[in-house]
Structures are given as structure tokens and as C-alpha cells.
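Following: one structure in C-alpha cells, then a few remarks.
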């Protein structure tokens, strides 16, 4: 970036000019150290109707900043999209040919530049550069639109966010190479034949006709619970092996899961009839398994034969009402429901209830 005396003082960027919806737009590579100066957010000068849209979710910013700091040689940031309310000039390198859209973009310094997409990235960059100064020399692409009076900015913000589709947690789990829980889920999926055969890798929920029984995201959550791991905890190879060994032993004691693998029963039939064919079943098996391994570190595998004695049928309202299901027979996966469903499994495996589990159990029976 250079400072020019043209139109008083201006920011000057090498840029590429293009057209969208009949209007010129410009893409420039901006040094990250200049991003906080370029996009100064001042609530007093932002129209009230645009303010609420751009209010930061403060919890997101430190996460993105930490991601940049911890991965200086492998992070990825998509472009920031911004509206310019003020004077802009573009000086092309040539009058004809391809270079007519390559040149220098000048934006007057007093011009207001409003972020339409990327306000959390902007705030995170500011935070990260303060701690890791070398990041300031990196660049981020910025897509500029000229919008006198910011008349189109509100609709632009709505359109950009309306069409943005967040990938499912299962798909993120499949591709995320940095997250320990995702690595755990992939390891378990690859190591346990039952999961390899019956897991949907893309969706967070299964349709009635799905040939699968589990989702990768539910395996991740249940396996974290099994190992007593929080979202950002590191997970060792030995812990992953324990998780895979546990789930493989569970599958060996779940006749219905074996039948689904062998296709002697349909997964849709299991979903309609059995508690274990839903997310709460897997979550509860993870919770009960954590206590089982802790209480029986050497004999836990043999204890899993108790799973064969559990009546998983949804028609057994006497057992599952208030636990896995509400009074109308609808499955529920609240924290208390998971604890109470896991309590049925704990008792079947000979696991002693902890104080909190006993309190919730007593509450149900009172």
C-alpha cells in the first residue's frame, strides 16, 4: 500500500477490476498489518440499521486469532468483502488488452469502508498481529464494492450470509486435520467394522430411508465422552486405540447392529423400533463406557455382555419414558435424558452410579 496526495491522502493498492451485477468491483491483496487501519469500526458513523448486523460475536474472535497464531505456515483465510462509501479511482496498466483490468486502486483515506463479510476475520487479524507480529507481513484478499451512501450494503450483507452454507459437523469432522476429536472419530470409524459399514460421513442426521445407522459427528461426540475429553483436548494414539477397542466390543454385543451389517434387518426398521439406533443411544453408550473402563480397568470388555440383556425397544415405555423418550414416545437428547439412558446401561453392566447420576435417577423416581 502507498499513500498518495491525490484527493488529499489515499490508500493505494495493486488491484484487479471486475464487474458484478453491472457494477465495477475490485480485488486487492492487503497486508494484514493494515487491515485494522483500513477497516476502522466506529459505531457512531455506521447507520443504525447496519450496526446490529455487524455486531461481533466476541467468542468467535479469539478462536480465529488463536488459529492464526498456532498455524502461521498453514492457515487459510478467505477474502473480506467490503463496501466503499467515497471517492475511488482506478488507473489501469494499459488502455487495451488484458492489462486494462490490472492497475492501481486509490481510496481516499477519509472514505468509510464497511465490512459486509469478514468482520470476525478482521477483528481476529487485529488480535493475532498484536501477538505474532510476523503475521502482519502476510496478505488477505479484499473484494471492494463502490456503494455511495452505503445504500446497497444492508442487502449485500443479507445476501452474502443468506447464501453461505456451513458444512455439516460430520463433513467438517471428516476433513479437519487439526482437531483431536475429529482425528479420534476418523480413527474409530476406520478401526471398527460396524462403524465403517453403517456410518454416514456427510450428514448430521439420517433420513428415514438411510441405509446408515450412525453419523460421524455422533461418533465423535460419543467417543469424546467415552474418553472424558473436552472439545479442544489433545487425544493420544493410545487413547484412540482404547476408544476403538471399546466400540468394537460394544458392536460385538449389539445383535441388532450385527444384523444391520449383515443386512438381515433394515436400518430404517431399527430406527423405528430401537433406542440404540439413534444419537442418544450412542451418546449414552459413551457415557456409560467411560465409567465402566474406570471402574473395571482390566475386565471391562467381558462386562459388555450385559448389553445383550437390555430391552432397547421403543415400545417399552415403562423403561424409556423420561429417559430416552418423553411422555409421547418422542426421543429426547437433553443432558438429563442422556444421563438417565446411560444409567440403564450402567446398571446392566454392573457399573456403580456416581453421586450426580444417582441424584438425577432419584429425581426421575420421586
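In this note's numbering, the protein residues as written are 382 to 747. All C-beta atoms in this analysis are idealised placements derived from N, C-alpha and C, irrespective of residue type, glycine included.
So which of the options has the shortest CA-CA distance to residue i?
| i | options | result |
| --- | --- | --- |
| residue 357 | 475, 486, 509 | Summary: the structure shown does not reach residue 357, with the chain confined to residues 382 through 747, and so no result is reported for it. |
| residue 650 | 637, 660, 391, 662 | 637 |
| residue 551 | 705, 601, 617, 579 | 601 |
| residue 522 | 553, 462, 481 | 462 |
| residue 399 | 524, 593, 502, 466 | 524 |
| residue 617 | 568, 582, 588 | 568 |
| residue 512 | 479, 443, 740 | 443 |
| residue 646 | 455, 692, 592 | 592 |
| residue 494 | 707, 644, 416 | 416 |
| residue 644 | 695, 575, 412 | 575 |
| residue 514 | 571, 412, 734, 538 | 412 |
| residue 588 | 539, 648, 516 | 648 |
| residue 520 | 716, 395, 714, 652 | 395 |
| residue 652 | 707, 712, 615 | 712 |
| residue 613 | 563, 546, 477, 580 | 563 |
| residue 708 | 714, 698, 715, 716 | 698 |
| residue 457 | 516, 716, 545, 621 | 516 |
| residue 466 | 476, 714, 489 | 489 |
In whole angstroms, what is the alpha-carbon distance linking residue i and residue j?
| i | j | result |
| --- | --- | --- |
| residue 448 | residue 565 | 20 Å |
| residue 484 | residue 577 | 53 Å |
| residue 441 | residue 397 | 31 Å |
| residue 472 | residue 407 | 12 Å |
| residue 499 | residue 506 | 10 Å |
| residue 744 | residue 703 | 11 Å |
| residue 687 | residue 629 | 15 Å |
| residue 438 | residue 541 | 17 Å |
| residue 558 | residue 450 | 17 Å |
| residue 418 | residue 598 | 40 Å |
| residue 655 | residue 663 | 12 Å |
| residue 464 | residue 611 | 40 Å |
| residue 424 | residue 642 | Residue placement at residue 424 is poorly supported in this model, since its pLDDT is 49, which falls under 50; the coordinates still yield a value, given next. Each residue's Cα considered, the two are about 58 Å apart. |
| residue 721 | residue 555 | 30 Å |
| residue 746 | residue 700 | 12 Å |
| residue 676 | residue 669 | 11 Å |
| residue 392 | residue 410 | 13 Å |
| residue 732 | residue 631 | 15 Å |
| residue 619 | residue 414 | 42 Å |
| residue 586 | residue 501 | 29 Å |
| residue 627 | residue 445 | 34 Å |
| residue 710 | residue 401 | 52 Å |
| residue 673 | residue 680 | 9 Å |
| residue 682 | residue 726 | 14 Å |
| residue 455 | residue 497 | 26 Å |
| residue 390 | residue 536 | 30 Å |
| residue 539 | residue 531 | 14 Å |
| residue 480 | residue 474 | 6 Å |
| residue 696 | residue 739 | 25 Å |
| residue 678 | residue 543 | 50 Å |
| residue 548 | residue 570 | 20 Å |
| residue 692 | residue 579 | 22 Å |
| residue 621 | residue 529 | 56 Å |
Can you check whether the CB of residue j is closer than 8 Å to the CB of residue i?
| i | j | result |
| --- | --- | --- |
| residue 724 | residue 737 | no |
| residue 584 | residue 596 | yes |
| residue 470 | residue 459 | no |
| residue 671 | residue 609 | yes |
| residue 561 | residue 606 | no |
| residue 468 | residue 492 | yes |
| residue 405 | residue 527 | yes |
| residue 729 | residue 690 | yes |
| residue 661 | residue 624 | no |
| residue 658 | residue 582 | no |
| residue 420 | residue 533 | no |
| residue 718 | residue 685 | no |
Inset, instruction - For the segment 562–623, list the alpha helix (DSSP H) runs that are entirely contained and at least 4 residues long, ordered along the chain. - result: As far as the segment 562–623 is concerned, its whole alpha helix (DSSP H) runs of at least 4 residues are 574–579, 597–608.
Q.
If we require 4 or more residues per run, which alpha helix (DSSP H) segments fall completely within the segment 625–649?
A. If one requires a minimum length of 4 residues, the alpha helix (DSSP H) runs lying completely within the segment 625–649 are 636–642, in chain order.
To test your reading of the DSSP string, which unbroken beta strand (DSSP E) runs of 3 or more residues are found completely within the segment 674–712?
With a minimum length of 3 residues, no continuous beta strand (DSSP E) run stays inside the segment 674–712.
| Which runs of the alpha helix (DSSP H) fall wholly inside the segment 532–567 and span at least 4 residues, in chain order? | The segment 532–567 contains these whole alpha helix (DSSP H) runs: 534–543, 550–556.
For the segment 433–490, list the alpha helix (DSSP H) runs that are entirely contained and at least 4 residues long, ordered along the chain. DSSP assignment within the segment 433–490 yields the following whole alpha helix (DSSP H) runs of 4 residues or more, N-terminal first: 441–451.
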